[in-house]
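Notes follow once the structure below has been shown.
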Amino acid sequence: MYYQIKLNKEDISKFLTDMMQFDFDIDIGTIDSHIVMDAKSLIGVMNLDFSKTLVVTPHTDGNFDLQQFTKVIDKYSIRTLILDDLITKEK
């Protein structure tokens, strides 16, 4: 599962604080790029193009972890996609 979000420079501090509360890896990148950054890294997040839609991918198998993550990321989210939906749409 991944989440499409929008951030601006004013959101970065709160976003990083929100991501740091999770003990699993979280990636972030632009939707049209193959470059992926650590969503808990200030330098990584600052290097993103905020004019574009960003994609956040949590790396957890825990259902409870994913539910908690979804509650936090929803304030930034514009769309949530499940990997199976993407595979179906690409066919």
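To convert a position in the sequence shown, counted from 1, into our numbering, add 329.
All residues carry an ideal CB built from backbone N, CA and C; glycine is no exception.
Local Cβ density within 10 Å of residue i, reported as buried at 16 or more and exposed below that
| i | result |
| --- | --- |
| Val365 | exposed |
| Phe353 | exposed |
Inter-residue Cα distance where the pair is residue i and residue j
| i | j | result |
| --- | --- | --- |
| Asp347 | Ile341 | 10 Å |
| His466 | Asp403 | This structure leaves residue 466 out entirely; the chain is present only between 330 and 420. |
| Asp356 | Phe379 | 15 Å |
| Asn392 | Ile372 | 29 Å |
| Arg408 | Val401 | 14 Å |
Among the options, the one whose alpha carbon lies nearest that of residue i
| i | options | result |
| --- | --- | --- |
| Met375 | Asp390, Thr386, Pro387 and Gly358 | Gly358 |
| Gln333 | Gln350, Ser370, Glu339 and Asp361 | Asp361 |
| Met349 | Tyr405, Asp367 and Met330 | Asp367 |
Proximity test, residue i beta-carbon vs the ligand ADP heavy atom, cut-off 7 Å
| i | result |
| --- | --- |
| Ile407 | What this structure holds is no ligand at all, so the ligand ADP is not there to describe. |
Distance between beta carbons of residue j and residue i, contact taken as under 8 Å
| i | j | result |
| --- | --- | --- |
| Lys343 | Thr382 | With 8 Å as the limit, Lys343 and Thr382 do not qualify as a contact, their Cβ atoms being about 19 Å apart. |
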